[in-house]
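Visitor: So the mapping is simple: the numbering used here equals the position in the sequence shown, first residue as 1, plus 141.
Here it is, the structure, as structure tokens.
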Amino acid sequence: MGGSKVEGFDAHYAGTPLWDLGRPQTALRDLAEAGAFRGRVLDVGCGTGEVALMAAALGLPTVGIDSASTAIGIARRKAEERGLPARFLVGDALNSATWASSSTPCSTAPCSTRSARPNASATPAAWPP
Ligand SMILES: C[S@@+](CC[C@H](N)C(=O)[O-])C[C@H]1O[C@@H](n2cnc3c(N)ncnc32)[C@H](O)[C@@H]1O
Numbered sequence: 142m143g144g145s146k147v148e149g150f151d152a153h154y155a156g157t158p159l160w161d162l163g164r165p166q167t168a169l170r171d172l173a174e175a176g177a178f179r180g181r182v183l184d185v186g187c188g189t190g191e192v193a194l195m196a197a198a199l200g201l202p203t204v205g206i207d208s209a210s211t212a213i214g215i216a217r218r219k220a221e222e223r224g225l226p227a228r229f230l231v232g233d234a235l236n237s238a239t240w241a242s243s244s245t246p247c248s249t250a251p252c253s254t255r256s257a258r259p260n261a262s263a264t265p266a267a268w269p270p
């Protein structure tokens, strides 16, 4: 992702960015409570993971992707603290080569070069597996 605009987001996570509510947005929480979240969940631009973690808490296989490694570190820590199996990947969602290549659970392992599933094709359209 060298030189790309997405790198600029990481600096925001040195503090708490305005958009990081520490909980899912109300509209998304309402949708989840209404049963709108089903199947496998891919949260693109997941930030520190609140929406992905909500999905994981519903028992849905969940992967969050964000280009900001600091945000993903926070998301992984939350997943571990909450005992939730969501996987978090560092990568540019617009460049699946940065995140599509393995299946290691990412809440507990570095995943910057790994993907959500084994043998994944390097196209976002390959999701869900
Ligand atoms: C406005 S924040 C929202 C974060 C999170 N969804 C939330 O509600 O707290 C947008 C997020 O998208 C991420 N992002 C922007 N462009 C991206 C890209 N091309 N690939 C992956 N993540 C990206 C940023 O790093 C940032 O964390």
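All residues carry an ideal CB built from backbone N, CA and C; glycine is no exception.
The model shown is predicted, which means the values in this text are computed figures rather than measured ones.
#1: Along the chain, where does the alpha helix (DSSP H) containing L169 start, and where does it finish?
#2: Can you tell me whether T203 is helix, strand or coil according to DSSP?
#3: Since R228 is in the alpha helix (DSSP H), which residue starts that stretch and which ends it?
#4: Roughly how many angstroms separate the alpha carbons of L235 and G188, rounded to a whole number?
#5: With D151 as the anchor, note down where its alpha helix (DSSP H) starts and where it stops.
#6: Between D233 and L194, what straight-line distance do the alpha-carbon atoms span, to the nearest angstrom?
#7: If you compare alpha carbons, which of G149, K219 and V192 is closest to R170?
#8: Give a yes or no on whether the C-beta atoms belonging to D202 and V182 are separated by under 9 Å.
#9: Going by DSSP, what residues sit across from S183 in a beta bridge?
#10: Buried or exposed: which applies to W160, given that a residue is buried once 16 or more other Cβ atoms fall within 10 Å of its Cβ?
#11: Grab me the residues of A196's own chain with a C-beta within less than 8 Å of its C-beta, minus the 5 sequence neighbours each way, in chain order.
#12: I'd like to know whether the C-beta atoms of A241 and R223 end up nearer to each other than 9 Å.
Guide: Let me lay it out:
#1: T167 to E174
#2: strand
#3: From DSSP, R228 is part of no alpha helix (DSSP H) but of the beta strand (DSSP E) over R228 to V231.
#4: 16 Å
#5: G149 to H153
#6: 20 Å
#7: V192
#8: The amino acid occupying residue 202 in the given sequence is Pro; Asp does not appear at that position. Yes, Cβ-Cβ distance for P202 and V182 is below 9 Å.
#9: Note on identity: in this sequence residue 183 is Leu, with Ser being the wrong assignment. For L183, which the question treats as bridged, DSSP gives the partners V204.
#10: exposed
#11: A173, F178, V182, D184, T203 and A227
#12: no
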